[in-house]
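Protein chains in written order, with the numbering used here: chain A, 2 to 419; chain B, 2 to 419.
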């Protein structure tokens with residue numbers, strides 16, 4: 002059915018339709034925020050780091066850089082990872098509530114609406130609450146935990162809807178409403194209840210679509226109950242909600258690419274992002290790259306695709322601590338030979354975005370990318386650094402195309418056309 | 002009428018609307034499957050070949066690499082060439098039947114439906130055919146020729162529809178149904194008659210659209226007659242059909258680019274692909290690059306655009322014979338000065354895809370590209386190789402944009418906007 006296929010290709014994307022079975026194994030290492038800028042007026046964090054193993058690998062690999070979202074666009078962790086997983090990060094946007102929930106370790110399902118919350122202080126005037134501090138004086142995280150636990154214990158059932166509140170740092174929480182069955186699209190179109198300034202009354206969770214009415218009723222009842230539970234608290238006596246959102250509709254990684262994929266990550270956010278696309282999250286003891294490689298070895302026979310996430314490169318970058326970032330790079334370099342010993346057919350090393358210590362935050366800069374397989378030219382770059390990767394055979398490519406290259410190098414794609 | 006023009010541009014593509022007349026001449030040399038990978042752990046076929054003329058040209062040319070279809074996508078010959086001719090290979094997909102027909106030397110018109118066939122062996126049980134060998138024991142090509150000739154001689158007229166069967170290798174054929182007038186779109190939406198496994202009855206060519214009903218009647222009648230003709234054969238006593246398809250609707254090369262274009266190719270497939278976009282196919286004696294350049298000289302005054310196709314680089318690559326591929330590259334290098342002597346305004350040298358000997362087949366790797374004209378920077382690459390082209394001024398570009406560059410370098414495009 003040639004013509005039928007033709008139409009299908011245009012609708013669904015070429016690559017999914019070329020996927021063929023294979024027993025090759027792909028490892029994707031994400032050094033979070035790996036890209037950098039010169040920190041000593043000359044060299045970037047990657048250039049300063051002593052990385053004999055990475056250097057050796059770079060010399061025989063395909064190298065280049067990727068642009069996570071678009072030229073000049075600084076990505077958050079959500080779009081950065083979705084793009085690496087082969088999903089268009091503009092087409093598939095993850096709502097704030099869902100991202101916050103994932104980051105705080107909540108699993109998000111198709112039956113759920115998630116929302117960010119912050120504890121606030123209100124005064125009751127004529128029986129009506131008026132916000133006097135939107136952050137409840139930035140209560141200590143410990144106090145947040147205690148209060149959140151109280152809510153989870155006392156809130157009870159909400160008309161058959163399960164509610165989970167997860168404590169974050171200081172005044173922040175994530176709230177998850179789990180309905181008995183999957184919700185129609187548009188169920189998350191509710192207005193924030195945070196009035197955004199003091200001296201005002203908290204708002205109701207007003208639905209903006211008919212589908213959101215049920216969620217609005219449940220959220221309204223939840224907030225009413227919470228305000229009763231918190232009435233006795235001194236500072237955090239109210240909860241404001243922002244960013245209601247549902248899990249975005251996405252075909253699963255397995256369905257699109259035919260890969261049994263797992264995630265070996267330490268932080269909840271990255272486990273959550275991997276689970277959003279249907280990867281299995283592997284639990285393990287420890288939190289160092291060495292621990293992660295040990296678990297990789299343990300589950301090596303169970304999967305085709307291994308997403309290994311190293312967080313600390315980004316954390317130190319965010320702190321502006323370039324020495325710390327350099328040390329994490331060198332720590333990864335020491336475990337790299339153990340990954341190679343497993344004999345992956347394809348090994349990719351990159352980041353989800355750049356986090357230059359100089360900027361103390363995520364940035365828009367293209368991210369170094371290395372792909373090692375038997376089917377590369379190699380011989381173009383002497384190291385895995387921003388400037389050496391510029392010389393490589395991959396050029397500067399959109400991040401969402403990296404999966405195509407990993408599948409191709411793993412000989413998991415058929416020929417297109419005859 | 003800015004908006005009107007704006008809409009027009011979006012619908013029809015910018016470049017066609019900028020085309021202006023000129024008497025400049027463009028030569029496009031396609032060294033089929035030219036891109037490679039290291040074969041001796043270090044050098045690719047292009048790097049091993051001794052190519053003094055290509056080297057000299059590369060030093061004064063614009064160089065780069067192109068991606069035929071998309072990152073990681075391995076193209077067949079069809080999409081590879083359409084992209085080089087400036088047609089989006091995903092938008093314009095050539096059906097299997099049409100491609101097979103072109104490859105076996107049949108001309109395909111707008112009145113035609115083409116389909117792939119394979120001779121099969123059936124047993125008649127209770128008067129009904131049951132497939133016992135889908136490939137008729139892979140009969141020798143000679144036997145195929147004899148049987149095909151019998152069918153063409155004996156089939157006669159099918160309700161005003163002309164039928165042509167072309168023999169391929171072993172059990173393979175292409176069948177062309179030529180109707181008296183152009184067929185509506187969707188006339189090729191018929192199910193395959195090949196049941197895909199032995200022990201089953203061959204299927205009817207069931208129409209999936211109302212437009213396909215007429216073709217289904219003709220194909221059904223054809224198959225009925227063929228089964229009678231072949232009844233006396235021992236092995237090839239039945240014909241199974243797969244991949245009914247029509248010539249894709251495309252604006253012609255001449256209409257889009259204002260170029261009188263010709264094709265100088267040895268193999269039917271490439272003549273067929275060129276004729277699909279409306280190039281004139283030049284007939285000539287001989288089959289070496291030298292013969293092809295001789296004919297180029299002969300028709301030099303008759304055309305503006307010359308598509309010269311060299312096949313053997315791909316053939317040796319497919320065989321994994323890198324020495325053979327190197328020799329063809331060197332053979333081409335020796336005739337290159339004769340092409341330059343003709344004084345083309347623009348000379349482009351590239352491939353339709355990569356065929357690394359290491360992979361013994363087409364691959365997804367970017368393809369070296371060289372454009373020689375008076376209007377290039379040059380001075381970036383010392384040779385025409387994968388790695389030297391990476392340093393070039395063209396970067397890594399989509400193949401479908403190459404025609405833009407050839408037209409621009411031939412001063413055949415007006416300014417866009419004021």
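Even for Gly, the Cβ is constructed at its ideal location relative to N, Cα and C.
The structure presented is a predicted model; accordingly, all values stated were derived computationally and were not measured.
Using a cut-off of 7 Å between C-beta atoms, extract the partners of residue 95 (chain B) located in chain A.
Along the second chain, read from residue 1 onward, the residue named residue 95 (chain B) stands at position 94. Within chain A, the residues near residue 95 (chain B) are 418.
Output, in chain order, the set of chain B residues within a Cβ distance shorter than 7 Å of residue 129 (chain A).
Here residue 129 (chain A) refers to the residue found at position 128 of the first chain. The premise fails here: residue 129 (chain A) is roughly 53 Å from chain B at the closest Cβ pair, so nothing lies under 7 Å.
Are residue 256 (chain A) and residue 279 (chain A) closer than 9 Å when you measure CB to CB?
For the purposes of this step, residue 256 (chain A) is taken as the residue at position 255 of the first chain. For the purposes of this step, residue 279 (chain A) is taken as the residue at position 278 of the first chain. Taking 9 Å as the Cβ cut-off, residue 256 (chain A) and residue 279 (chain A) qualify as a contacting pair.
Just the C-alpha distance for residue 299 (chain B) and residue 402 (chain A), rounded to the nearest angstrom, thanks.
As a working mapping, residue 299 (chain B) is identified with position 298 in the second chain. As a working mapping, residue 402 (chain A) is identified with position 401 in the first chain. Cα to Cα, residue 299 (chain B) sits roughly 45 Å from residue 402 (chain A).
Look at the alpha carbon of residue 258 (chain B) and the alpha carbon of residue 15 (chain B), and state the distance between them as a whole number of angstroms.
By 1-based counting over the second chain, the position of residue 258 (chain B) is 257. By 1-based counting over the second chain, the position of residue 15 (chain B) is 14. Cα to Cα, residue 258 (chain B) sits roughly 11 Å from residue 15 (chain B).
Would residue 273 (chain B) pass as a contact of residue 103 (chain B) if the rule is Cβ separation under 9 Å?
Taking the first residue of the second chain as position 1, residue 273 (chain B) is located at position 272. Taking the first residue of the second chain as position 1, residue 103 (chain B) is located at position 102. Result yes, Cβ atoms of residue 273 (chain B) and residue 103 (chain B) sit closer than 9 Å.
Compute the Euclidean distance between the alpha carbons of residue 140 (chain B) and residue 174 (chain B), then round it to the nearest angstrom.
Counted from its first residue, the second chain places residue 140 (chain B) at position 139. Counted from its first residue, the second chain places residue 174 (chain B) at position 173. Taking the straight line from one Cα to the other gives about 12 Å.
Proximal residues to residue 318 (chain B) (C-beta, below 6 Å), its chain only, five neighbours per side dropped:
Counting from 1 along the second chain, the entry for residue 318 (chain B) is found at position 317. Hits under 6 Å: 34, 326, 356, 358.
Opening and closing residue of the alpha helix (DSSP H) in which residue 143 (chain A) lies
Locating residue 143 (chain A) in the first chain gives position 142, counting from the first residue. Unbroken alpha helix (DSSP H) run through residue 143 (chain A): 142-155.
With burial defined as no fewer than 16 other Cβ atoms inside 10 Å of the residue's Cβ, what is the status of residue 342 (chain B): buried or exposed?
Taking the second chain and counting its residues from 1, one reaches residue 342 (chain B) at position 341. Counting Cβ neighbours within 10 Å, residue 342 (chain B) comes out exposed, since fewer than 16 surround it.
Taking only three categories from DSSP, how would you classify residue 373 (chain A)?
In the first chain, counting from the first residue as 1, residue 373 (chain A) sits at position 372. Of the three classes helix, strand and coil, the one that applies to residue 373 (chain A) here is strand, per DSSP.
With 16 as the cutoff for other CB atoms within 10 Å, does residue 137 (chain B) come out buried or exposed?
As a first step, residue 137 (chain B) must be located in the second chain, where it is residue number 136. Looking at its Cβ environment, which holds 16 or more other Cβ atoms inside 10 Å, residue 137 (chain B) is buried.
Find the nearest neighbour of residue 53 (chain B) within the set B:396, B:417, B:336, B:112, judged by alpha-carbon distance.
The count along the second chain starts at 1 and reaches residue 53 (chain B) at position 52. Of the listed residues, the one whose Cα sits closest to residue 53 (chain B) is B:336.
Thinking C-alpha only, which one of A:236, A:120, A:329, A:38 is nearest residue 50 (chain A)?
In the first chain, residue 50 (chain A) corresponds to position 49, counting from 1. The shortest C-alpha separation from residue 50 (chain A) is found at A:329.
Three-state class that DSSP yields for residue 170 (chain B) in the structure shown
Sequence index remark: in the second chain, residue 170 (chain B) carries index 169 (1-based). It is coil, neither helix nor strand.
Determine the burial state of residue 284 (chain A): buried for a count of at least 16 other Cβ atoms within 10 Å of its Cβ, exposed for fewer.
Within the first chain, residue 284 (chain A) is the residue found at index 283, counting from 1. So residue 284 (chain A) ends up on the exposed side.
For chain A, find out if any of its Cβ atoms is closer than 9 Å to the Cβ of residue 184 (chain B); answer yes or no.
If you number the second chain from 1, residue 184 (chain B) lands on position 183. Not closer than 9 Å to any Cβ of chain A, the Cβ of residue 184 (chain B) fails to qualify, so no.
For the alpha helix (DSSP H) containing residue 130 (chain A), name the first residue and the last one.
Looking up residue 130 (chain A) in the first chain gives position 129. First-last for residue 130 (chain A): 129-134, but that is the beta strand (DSSP E), not the alpha helix (DSSP H).
If we define contact as Cβ-Cβ less than 9 Å, is residue 77 (chain B) a contact residue for chain A?
For the purposes of this step, residue 77 (chain B) is taken as residue 76 along the second chain, with counting starting at 1. Yes, residue 77 (chain B) lies at the interface with chain A (some Cβ there is under 9 Å from its Cβ).
Buried versus exposed call for residue 198 (chain A) [16 or more other C-beta atoms within 10 Å across all chains shown]
On the first chain, residue 198 (chain A) is found 197 positions in, with the first residue counted as 1. Per the 10 Å Cβ criterion, exposed.
Locate the alpha helix (DSSP H) running through residue 327 (chain A), then write down its first and last residues.
In the first chain, counting from the first residue as 1, residue 327 (chain A) sits at position 326. It spans 323-342 - the alpha helix (DSSP H) in which residue 327 (chain A) sits, taken as one unbroken run.
Excluding five sequence neighbours on each side, which residues of the same chain lie with their C-beta closer than 6 Å to the C-beta of residue 166 (chain A)?
Here the question's residue 166 (chain A) lines up with position 165 in the first chain. 149, 152, 153, 174, 176.
Close beta carbons around residue 374 (chain B), own chain, < 6 Å, minus the five adjacent residues each side
Sequence index remark: in the second chain, residue 374 (chain B) carries index 373 (1-based). Result list for residue 374 (chain B): 347, 410, in chain order.
How many Å lie between residue 368 (chain B) and residue 86 (chain B) at the Cα?
Within the second chain, numbered from 1, the residue matching residue 368 (chain B) stands at position 367. Within the second chain, numbered from 1, the residue matching residue 86 (chain B) stands at position 85. Approximately 15 Å, taken between the alpha carbons.
Note down, in chain order, each residue of its chain lying with its Cβ closer than 7 Å to the Cβ of residue 315 (chain A), except the 5 sequence neighbours on either side.
Position 314 of the first chain holds residue 315 (chain A). Around residue 315 (chain A): 33, 34, 356.
Burial state of residue 61 (chain B), where buried means 16 or more other Cβ atoms lie within 10 Å:
Looking up residue 61 (chain B) in the second chain gives position 60. Exposed, since its Cβ has fewer than 16 Cβ neighbours within 10 Å.
In three-state terms, what does DSSP make of residue 399 (chain A)?
Within the first chain, numbered from 1, the residue matching residue 399 (chain A) stands at position 398. Looking at residue 399 (chain A) - three-state DSSP - the assignment turns out to be strand.
Since residue 113 (chain A) sits in a beta bridge, which residues does DSSP pair it with?
Here residue 113 (chain A) refers to the residue found at position 112 when the first chain is read from its first residue. In DSSP, residue 113 (chain A) forms a bridge with A:179.
Alpha helix (DSSP H) segment containing residue 63 (chain B), residue limits
What you label residue 63 (chain B) is simply residue 62 of the second chain in a count that begins at 1. Careful: residue 63 (chain B) lies outside any alpha helix (DSSP H), inside the beta strand (DSSP E) at 63-68.
Where are the beta strand (DSSP E) runs, 3 residues long or more, that stay fully inside the region 194-250 of chain B, in chain order?
239-246
Could you tell me whether any Cβ in chain B is nearer than 9 Å to the Cβ of residue 375 (chain A)?
Residue mapping note: residue 375 (chain A) aligns to position 374 of the first chain, counting from 1. Residue 375 (chain A) counts as touching chain B.
Buried or exposed (CB count within 10 angstroms, at least 16 for buried), residue 288 (chain A):
On the first chain, residue 288 (chain A) is found 287 positions in, with the first residue counted as 1. Exposed, since its Cβ has fewer than 16 Cβ neighbours within 10 Å.
Considering residue 351 (chain B), what are the terminal residues of the beta strand (DSSP E) in which it resides?
Taking the second chain and counting its residues from 1, the one referred to as residue 351 (chain B) is at position 350. Looking at the DSSP string, the run of the beta strand (DSSP E) that includes residue 351 (chain B) is 347-351.
Report all residues from its chain with a CB closer than 8 Å to the CB of residue 4 (chain A); omit the five preceding and five following residues, and keep chain order.
Numbered from its first residue, the first chain carries residue 4 (chain A) at position 3. Because residue 4 (chain A) carries a pLDDT of 33, less than 50, the predicted location of this residue cannot be relied on, and no value is offered for it.
Determine the chain A residues that contact residue 267 (chain B) at a beta-carbon separation under 7 Å, and present them in chain order.
For this step, residue 267 (chain B) is matched to residue 266 along the second chain. Ordered by position in chain A, no residue passes the 7 Å Cβ test against residue 267 (chain B), which lies about 19 Å from the chain.
With respect to the alpha helix (DSSP H) encompassing residue 84 (chain B), which residues constitute its N-terminal and C-terminal limits?
Taking the second chain and counting its residues from 1, one reaches residue 84 (chain B) at position 83. Unbroken alpha helix (DSSP H) run through residue 84 (chain B): 78-85.
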